[in-house]
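Engineer: Sequence lines, in order, name chains E and G.
Under our numbering, the first sequence has 80 at position 80, and the numbering climbs by one with no breaks.
Under our numbering, the second sequence has 516 at position 422, and the numbering climbs by one with no breaks.
Below: one structure in structure tokens.
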Amino acid sequence: MSTKTIEEKQYLIRFKADKKSHLTVLDHDVCMTQCPDKICTIFCPAEVYKWEGLRMQVGYEGCHECGSCRIGCPYQNIKWEYPKGGHGIVFRLA
Amino acid sequence: MSEKFDVIVVGAGPAGTSCAYTCAKNGLKVLQIERGEYPGSKNVMGGVLYRQQMEEIIPEFWKEAPLERPVVEQRFWMMDKESVVTFGYKGLEWGVEPYNNFTVLRAPFDQWFAKKGIEQGVLLITETVVLECIVENGKVIGVRTDRPDGEVYADVVVLADGVNSLLGKQLGYHNEFRPDEVALTVMEVINLPKEKINDRFNLEDNQGCTIELFGDSTKGNLGTAFIYTNKESINIGVGTTLSSMIKAKLKPYDLLDYLKTHSMIKPFLEGGESAEYLAHLIPEGGFHSVPKVAGNGVLLVGDAAQLVNAIHREGSNMAMASGKMAAETIVEAKSRNDFSESSLNLYREKLYDSFIIKDLEKYKDAAHTFENHPQYFKDYVPMMNRAASKFFTVDGTPKREKQKQIMRSITGERGTLKVLQDMYRAWKAVK
Numbered sequence: 001m002s003t004k005t006i007e008e009k010q011y012l013i014r015f016k017a018d019k020k021s022h023l024t025v026l027d028h029d030v031c032m033t034q035c036p037d038k039i040c041t042i043f044c045p046a047e048v049y050k051w052e053g054l055r056m057q058v059g060y061e062g063c064h065e066c067g068s069c070r071i072g073c074p075y076q077n078i079k080w081e082y083p084k085g086g087h088g089i090v091f092r093l094a
Numbered sequence: 095m096s097e098k099f100d101v102i103v104v105g106a107g108p109a110g111t112s113c114a115y116t117c118a119k120n121g122l123k124v125l126q127i128e129r130g131e132y133p134g135s136k137n138v139m140g141g142v143l144y145r146q147q148m149e150e151i152i153p154e155f156w157k158e159a160p161l162e163r164p165v166v167e168q169r170f171w172m173m174d175k176e177s178v179v180t181f182g183y184k185g186l187e188w189g190v191e192p193y194n195n196f197t198v199l200r201a202p203f204d205q206w207f208a209k210k211g212i213e214q215g216v217l218l219i220t221e222t223v224v225l226e227c228i229v230e231n232g233k234v235i236g237v238r239t240d241r242p243d244g245e246v247y248a249d250v251v252v253l254a255d256g257v258n259s260l261l262g263k264q265l266g267y268h269n270e271f272r273p274d275e276v277a278l279t280v281m282e283v284i285n286l287p288k289e290k291i292n293d294r295f296n297l298e299d300n301q302g303c304t305i306e307l308f309g310d311s312t313k314g315n316l317g318t319a320f321i322y323t324n325k326e327s328i329n330i331g332v333g334t335t336l337s338s339m340i341k342a343k344l345k346p347y348d349l350l351d352y353l354k355t356h357s358m359i360k361p362f363l364e365g366g367e368s369a370e371y372l373a374h375l376i377p378e379g380g381f382h383s384v385p386k387v388a389g390n391g392v393l394l395v396g397d398a399a400q401l402v403n404a405i406h407r408e409g410s411n412m413a414m415a416s417g418k419m420a421a422e423t424i425v426e427a428k429s430r431n432d433f434s435e436s437s438l439n440l441y442r443e444k445l446y447d448s449f450i451i452k453d454l455e456k457y458k459d460a461a462h463t464f465e466n467h468p469q470y471f472k473d474y475v476p477m478m479n480r481a482a483s484k485f486f487t488v489d490g491t492p493k494r495e496k497q498k499q500i501m502r503s504i505t506g507e508r509g510t511l512k513v514l515q516d517m518y519r520a521w522k523a524v525k
């Protein structure tokens, strides 16, 4: 079967999640008060960011480490680091 | 780990490994540091690897490297919603030695390549993140890793840390990218039996085909999509500049599914099994985005130096060539025992004198032109499709009259002057 949803796509990938997030929303108030589009919840290719009414939920465990959120956040409100060595996404093919 | 090396290479992609391999082959003591579980585990590429630059590092690599198929056909699709205008070239000379390019899967390929470096004497350590360069008196003298007591020293540190190059930014060699300087690309590897791939793409066993798609493949946004044939799988992907993705409020995976279920593409994938989903940024800022590439005790190579020619989908070849140039520079610097910026600037000269910067310079205005003038992807591709449909539909209209109708419909839609301006602008951007 070819995948249809992002959940199905993410399910194909091996992740070795660290206990600690490598992505940090610096100020949740900025998301709430200044960012009506919450554009990171749209362009993030792994749907890592989900708006939960009051704060941004960051599902770092499924992150592809592409860097889009750091560059695309209109308020530079995301602190972006690499996961600890050997952790994070593990591509097996391409 | 407080030993001193001649060279520390950060990253085990094509740029880093080309550099590490060449340095070690020339007798230098090389430490290569990779943050992933293995080389390739963090690396993503659509899948075309060019022969020339790889062969300059490992002659006849195709005899042992894990490659997929030699590409014998390159197709270009100008796609509309229910139609496509195609253009391409198939040549059997590409199917025999010395070949032009190959499709590859990067995880196996990068592991193989890194192993070749180890055989030359490179010390590779994986699962280690380089947190920062150690700078003393304005000179990079080593790196600090996330291992306990993880400081290591070298005469030269080569940053092959990929598109995000946090280390290059820390050194102040480049600023954070703007969203129009990077392309966000997502892809899937879809398993399909070999016979089906051969039948659907009109190929034999050791022949590959690539298709680059423009127009509706990105819903008219600035970007491209691709379909590449592996031995027993297909890579299908799509990307646009991050700025276009933001402006159009596109979810990249929705765009990928739109492509996969497009009436022009669906038959290729029928019955396929998705095996992996990958997202990655491509540095597409081109000439104007290339950072400072040489400093005191430090060089930047590959994606970290923004060396990608988006128009020709060349990147890994530039990575390899730049890695090799960096290595040759370091070897010369070692003979002078001078690792200052002026000594290492030889790398910059080599780079600017090569096809890499010459090609980036040729297309320096292309991305900017197409980003600011969306009509090329949004309007002209559908126009071309309508024109082809009209011209090839036999309905009793004399051909000369048809030509007139087509010209009228094109100039009528945008105005003659606008069309001429558009053509001139596009020509100027890529000439």
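Beta carbons are placed, not taken as given, at the ideal position from N, Cα and C, and that holds for glycine.
1. Should G/Gln264 go down as buried or exposed, given a rule of 16 or more other Cβ atoms within 10 Å for buried?
2. Under 7 angstroms between C-beta atoms, does E/His22 make it to chain G?
3. Step through the CB atoms of chain G and report whether any lies within less than 7 angstroms of the CB of E/Gly58.
4. So, helix, strand or coil for G/Ala106, using DSSP?
5. For the stretch 28-48 of chain E, enumerate the residues whose C-beta is nearer than 7 angstroms to any C-beta of chain G, in chain order.
6. Does chain E have any CB closer than 7 angstroms to the CB of G/Glu221?
7. Mark G/Asp255 as exposed unless 16 or more other C-beta atoms lie within 10 angstroms of its C-beta, in which case mark it buried.
8. Consider the Cβ of E/Ala17: report whether some Cβ of chain G lies at a distance smaller than 7 angstroms.
9. Taking contact to mean at least 3 C-beta pairs separated by less than 8 angstroms, is the stretch 325-332 of chain G in contact with the stretch 280-289 of chain G?
10. Using CA coordinates, which residue listed in G/Gly266, G/Asn403 and G/Trp156 is at the minimum distance from G/Gly189?
11. Grab the span of the beta strand (DSSP E) containing E/Cys40 for me, first residue to last.
12. Between G/Ser383 and chain E, is the shortest Cβ-Cβ distance under 7 angstroms, so that the two count as touching?
13. Counting beta carbon pairs with one atom in the stretch 366-374 of chain G and one in the stretch 1-14 of chain E, are three or more of them shorter than 8 angstroms?
14. When you check each C-beta in the stretch 365-384 of chain G against every C-beta of chain E, which residues fall closer than 7 angstroms?
15. Got a sec? Which residues, its chain only, sit under 8 angstroms from G/Ala427 by beta carbon, not counting five neighbours each side?
16. At which residues does the alpha helix (DSSP H) containing E/Tyr11 begin and terminate?
17. Would you please verify whether the beta carbon of E/Arg92 is less than 7 angstroms from any beta carbon of chain G?
18. With distances taken between CB atoms, is the gap from G/Asp174 to G/Asp348 smaller than 7 angstroms?
19. Only counting the same chain, and skipping five residues up and downstream in sequence, which positions put a Cβ closer than 8 angstroms to that of G/Val513?
20. Report the neighbours of G/Asp351 on chain E: residues whose CB is nearer than 7 angstroms to its CB, in chain order.
21. Can you list, in chain order, the residues of the stretch 263-291 of chain G whose Cβ is nearer than 9 angstroms to any Cβ on chain E?
22. So with CB distances below 7 angstroms, who are the chain G contacts of E/Gly62?
23. Within 7 angstroms of any Cβ in chain E, is that where the Cβ of G/Met95 sits?
24. Smallest Cα separation from G/Pro273: which of E/Glu81, E/Cys31 and E/Phe43?
25. Near E/Cys73, which residues of its chain fall below 7 angstroms by C-beta distance, leaving aside the five closest residues on each side in sequence?
26. Compute the distance between the beta-carbons of E/Leu23 and E/Asn77, then report whether it is under 7 angstroms.
27. Out of E/Leu93, E/Gly85 and E/Gly59, which has the shortest C-alpha to C-alpha gap to E/Ser21?
28. Relative to the C-alpha of G/Leu266, which candidate in G/Lys290, G/Gln214, G/Arg430 and G/Ala399 has its C-alpha closest?
29. Is G/Asn324 near G/Thr239, with beta carbons less than 7 angstroms apart?
30. Spatial neighbours of G/Lys496 within its chain, please: CB distance less than 8 angstroms, with the 5 preceding and 5 following residues excluded, ordered by chain position.
31. In whole angstroms, what separates the C-alpha of G/Met95 from that of G/Ile152?
32. Have a look at G/Val402 and E/Gln57 and give me their C-alpha separation to the nearest angstrom.
33. Against G/Leu336, what residues of chain E qualify as contacts under a CB-to-CB distance less than 8 angstroms, listed in chain order?
34. Chain E beta carbons: is any one of them nearer than 7 angstroms to that of G/Ala460?
35. Round the Cβ separation of G/Glu128 and G/Thr220 to the nearest angstrom and send it over; I've been treating them as touching at under 8 angstroms.
Structural biologist: This is what the structure gives:
1. With fewer than 16 other Cβ atoms inside 10 Å of its own Cβ, G/Gln264 counts as exposed.
2. It does not; no Cβ of chain G falls within 7 angstroms.
3. The sequence as given places Val at residue 58 of chain E; Gly does not occur at that position. With a threshold of 7 angstroms between beta carbons, E/Val58 makes no contact with chain G.
4. The three-state secondary structure of G/Ala106, taken from DSSP, is coil.
5. For the stretch 28-48 of chain E, the set of positions with a beta-carbon nearer than 7 angstroms to some beta-carbon of chain G reads Ile39, Ile42, Phe43, Pro45 and Ala46 in chain order.
6. G/Glu221 counts as touching chain E.
7. Note on G/Asp255: 16 or more other CB atoms within 10 angstroms of its CB, so buried under the neighbour-count rule.
8. Not one chain G Cβ lies under 7 angstroms of E/Ala17.
9. Yes, the stretch 325-332 of chain G is in contact with the stretch 280-289 of chain G.
10. Checked all of G/Gly266, G/Asn403 and G/Trp156; the closest Cα to G/Gly189 is G/Trp156.
11. For E/Cys40, no beta strand (DSSP E) encloses it; the enclosing alpha helix (DSSP H) starts and ends at Cys40 to Phe43.
12. With 7 angstroms as the cut-off, G/Ser383 does not count as an interface residue toward chain E.
13. Yes, the stretch 1-14 of chain E is in contact with the stretch 366-374 of chain G.
14. For the stretch 365-384 of chain G, the set of residues with a beta-carbon nearer than 7 angstroms to any beta-carbon of chain E comprises Gly366, Glu367, Ser368, Ala369, Glu370, Tyr371, Leu372, Ala373, His374 and Leu375, in chain order.
15. Excluding five sequence positions before and after G/Ala427, the CB atoms of its chain that fall closer than 8 angstroms to its own CB belong to Asp249, Val250, Phe433, Ser437, Leu438 and Leu440, given in chain order.
16. Per DSSP, E/Tyr11 belongs to no alpha helix (DSSP H) and is neither H nor E.
17. Taking a beta-carbon distance threshold of 7 angstroms, E/Arg92 counts as an interface residue toward chain G.
18. Contact flag unset, no.
19. Annotation for G/Val513: Ile504 and Thr505 place their beta carbon closer than 8 angstroms to its own, counting only its chain and skipping 5 residues before and after.
20. Chain-ordered, the chain E residues with CB closer than 7 angstroms to the CB of G/Asp351 read Lys4.
21. Those residues of the stretch 263-291 of chain G that come within reach of chain E (Cβ to Cβ, closer than 9 angstroms) are Glu270, Phe271, Arg272, Pro273, Glu275, Val276, Leu278, Thr279, Val280, Met281, Glu282, Val283 and Ile284.
22. From the beta-carbon of E/Gly62, no residue of chain G is found nearer than 7 angstroms; the closest lies around 10 angstroms away.
23. For G/Met95, the pLDDT reaches just 49, beneath the cut-off of 50, and the residue's location in the model is therefore unreliable, although a value from the coordinates is still provided. It does not; no Cβ of chain E falls within 7 angstroms.
24. Nearest in C-alpha terms to G/Pro273, of all of E/Glu81, E/Cys31 and E/Phe43, is E/Phe43.
25. Only residues of its own chain outside the window of five on either side were considered, and among them Cys40 have a CB closer than 7 angstroms to the CB of E/Cys73, listed in chain order.
26. With contacts defined by Cβ atoms closer than 7 angstroms, E/Leu23 and E/Asn77 do not form a contacting pair.
27. Considering only alpha carbons, the answer is E/Gly59.
28. Before going on, a small fix: residue 266 of chain G reads as Gly here, not Leu. Per the Cα distances, G/Ala399.
29. The Cβ-Cβ distance between G/Asn324 and G/Thr239 does not fall below 7 angstroms.
30. Excluding residues within five positions, the ones whose Cβ falls inside 8 angstroms are Lys484 and Phe485.
31. In this prediction, G/Met95 has a pLDDT of 49, which is less than 50 and means its spatial position is unreliable; what the coordinates show is noted afterwards. Taking the straight line joining both Cα atoms gives about 30 angstroms.
32. G/Val402 and E/Gln57: Cα-Cα distance of roughly 34 angstroms.
33. Under the 8 angstroms cutoff, chain E gives Phe43, Ser68, Ile71 and Gly72.
34. For G/Ala460, the closest Cβ of chain E is not nearer than 7 angstroms.
35. At roughly 5 angstroms, the Cβ-Cβ gap stays under 8 angstroms, so G/Glu128 and G/Thr220 are in contact.
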